[in-house]
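Have a look at the structure below, then the notes.
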Amino acid sequence: MSSPTITSPDTLNQLCKRLREAPIIGIDTEFVSEDTFHPELCLIQVATTEDLAAIDPLALKDLTPFWETMVSGDHVTVLHAGREELNFFLRAVGAVPKHLFDVQIAAGFCSNEYPSSYSAVVSKFVGHQPAKGEQRTDWRRRPLTNAQIEYALEDVRYLLPLHERFTELLAKLGRSEWFASEMIAWQNEVIAANSRKDWRRVSGIGKLSSRSLAIVRELWTWRQEEAQSRNQPPRRILRDDLLVEIAKRKVDSPDRIMGIRGIERTPAKRKAQELADCVQRGLEGPTERLHVGGRKAELPSQLNLLGQFLAPALGTICRRAEIATSMVGTASDVRELIAYRIGLTNGDQPTPSLAEGWRAEVVGNVIDELLEGKRSIRINNARAEDPLVFDPIDPA
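Here is the structure:
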């Protein structure tokens with residue numbers, strides 16, 4: 001197996017030619033995200049049965065042949081926690097590889113652990129401990145040492161063996177279709193998030209009025225555009241707490257905005273008029289609301305009680321099924337399912353995740369039977385790790 005570092009168009013084209021013949025390709029990347037709007041791609045590692053190679057994006061002006069090879073082929077693409085890799089594909093060529101296999105997600109279907117680090121997955125399912133020692137590498141610096149390149153290649157060296165192992169385990173557990181559906185859902189979510197204007201992720205907005213939320217929307221949009229034009233992280237332009245403070249005060253004049261402590265230490269200090277314009281647009285435009293569950297005190301009493309009673313069932317069911325609880329859902333997901341089943345939701349809300357697909361098979365159906373009085377919960381052994389038992393109730 002060859003392991004060159006690809007630094008020229010000729011060697012890249014030669015690698016792409018071999019990749020087009022490969023039925024399965026492992027991929028990982030090294031990047032730095034602290035100083036730029038999008039993470040800065042510094043190294044691409046690929047593995048096939050014939051190749052183990054590192055591609056140097058800083059030495060190559062055009063990586064299009066590689067991206068197009070990866071998205072056009074009919075091969076399986078194996079990754080670990082590959083969200084950022086998919087984002088690189090989307091920004092480069094607007095598409096992702098056809099057949100994705102994320103070993104972190106596969107591990108969640110085959111064990112109680114999710115999300116697991118690459119090292120933990122390799123150790124548990126392949127029996128090898130990947131090399132350590134270069135975690136603090138600045139991947140932008142050149143030249144990279146042989147030790148750094150070898151460390152990076154470790155991140156793809158075991159992807160193909162993991163694919164083989166998980167394919168066998170998923171089939172044995174009868175979860176191949178579950179995994180396939182989850183990969184499609186995960187891929188679609190990553191693609192949607194890549195273009196989503198997700199201003200609701202600004203921290204500290206939970207108690208803002210609908211009008212202040214509209215101002216947050218306008219300030220967030222301005223911050224994104226300003227950060228992209230400067231190629232800087234958005235929060236370096238204007239921190240979340242300052243953005244929220246402007247929205248809370250509804251200050252629509254540059255002088256009053258500059259009177260907020262902390263603004264003078266940000267790049268936004270030279271853009272006070274633009275910030276004021278954002279506030280004005282928020283004051284005049286449509287209001288917003290948060291599409292999230294209310295605080296516990298605002299929940300209907302029966303939903304609050306049922307949620308507290310049934311949420312522990314989630315962990316018990318998942319542990320017995322040997323599937324990671326954190327991948328199946330949360331206590332909030334249980335409450336959403338309960339609200340959906342007892343008619344406390346309106347028609348424009350999506351179907352709860354626990355009410356459909358493989359999650360319904362694992363957990364949702366059990367909770368449905370508990371709500372319908374077809375099952376009961378009892379304590380079987382108070383000293384056991386999972387003391388709860390869900391017994392079917394005889395209708396007679």
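Going by UniProt numbering, the residue at position 268 of the sequence shown is 268; the numbering climbs one at a time, nothing skipped.
Where is the CB? At the ideal position from N, CA and C, for every residue including glycine.
None of these values were measured; they are calculated from a predicted model.
Who pairs with residue i in a beta bridge, going by DSSP?
i: Ser376; result: Asp391
i: Ile25; result: Thr77
i: Thr5; result: Ala54
Taking its Cβ as the centre, do 16 or more other Cβ atoms sit within 10 Å of residue i, making it buried, or is it exposed?
i: Glu336; result: buried
i: Glu385; result: exposed
i: Gln349; result: exposed
i: Gly206; result: exposed
i: Thr64; result: exposed
i: Gly343; result: exposed
i: Gly282; result: buried
i: Pro143; result: exposed
i: Asp241; result: exposed
i: Ala54; result: buried
i: Ile263; result: buried
i: Asp394; result: exposed
i: Thr351; result: exposed
i: Thr49; result: exposed
i: Asn346; result: exposed
Using a beta-carbon distance below 8 angstroms, is residue i in contact with chain B?
i: Leu153; result: In summary, chain B is missing from the structure at hand, where a single protein chain is found.
So, at 8 angstroms on beta carbons, what are the nonlocal neighbours of residue i in its own chain, with the 5 sequence-adjacent residues on each side left out?
i: Trp358; result: Arg175, Glu177, Trp178, Ser181, Glu182
i: Val366; result: Ala313, Ile317, Arg375, Phe390
i: residue 448; result: Because the chain here runs from 1 to 396, residue 448 falls outside it and cannot be looked at.
i: Arg83; result: Val190
i: Val126; result: Tyr158, Pro161, Leu162, Arg165
i: Glu34; result: Pro233
Would you mind giving the Cβ-Cβ distance between residue i and residue j, rounded to the nearest angstrom? I have them listed as a contact below 8 angstroms.
i: Thr7; j: Asp51; result: Not quite, the Cβ-Cβ distance comes to about 15 angstroms (not below 8 angstroms), so this is no contact.
i: Asn194; j: Leu90; result: 5 angstroms
i: Pro152; j: Glu30; result: Going by the sequence as given, residue 152 is Ala instead of Pro. At roughly 6 angstroms, the Cβ-Cβ gap stays under 8 angstroms, so Ala152 and Glu30 are in contact.
i: His128; j: Val122; result: 6 angstroms
i: Ala227; j: Ile237; result: 5 angstroms
i: Ser111; j: Ala324; result: 7 angstroms
i: Val279; j: Asp252; result: 4 angstroms
i: Val32; j: Glu40; result: 5 angstroms
i: Leu60; j: Cys42; result: Not confirmed; about 12 angstroms, so no contact.
Within the same chain, show all residues whose beta-carbon is closer than 7 angstroms to that of residue i, passing over the 5 residues directly before and after it, in chain order.
i: Ala297; result: With a pLDDT of only 43 at Ala297, under 50, the local geometry of the prediction cannot be trusted, and the value read off the model is given with reservation. Contacts found: none.
i: Thr316; result: Asp386, Leu388
i: Arg289; result: Ser210, Leu213
i: Asp333; result: Pro352, Ser353, Leu354
Below 6 angstroms CB to CB, which residues in the same chain sit around residue i once its five sequence neighbours on both sides are set aside?
i: Pro23; result: His75
i: Arg341; result: Leu371
i: Met70; result: Pro97
i: His163; result: Val78, Phe101
Say yes only if the C-beta of residue i is nearer than 7 angstroms to one or more non-hydrogen atoms of the ligand ATP, and no if none qualify.
i: Leu275; result: Judged by which ligands are present, the structure shown has none, so any question about the ligand ATP falls away.
Inset, instruction - Counting only runs of 4+ residues fully inside the segment 159-215, write out the alpha helix (DSSP H) ranges in chain order. - result: Qualifying alpha helix (DSSP H) stretches, in chain order: 159-173, 176-195.
Inset, instruction - Scan the segment 30-118 and note each continuous beta strand (DSSP E) run of 3 residues or more that stays entirely inside, going in chain order. - result: The qualifying runs are 40-47, 52-55, 76-79, 99-102.
Inset, instruction - Scan the segment 248-328 and note each continuous alpha helix (DSSP H) run of 4 residues or more that stays entirely inside, going in chain order. - result: For the segment 248-328, whole alpha helix (DSSP H) runs of length 4 or above, ordered along the chain, are 254-258, 272-284, 301-321, 325-328.
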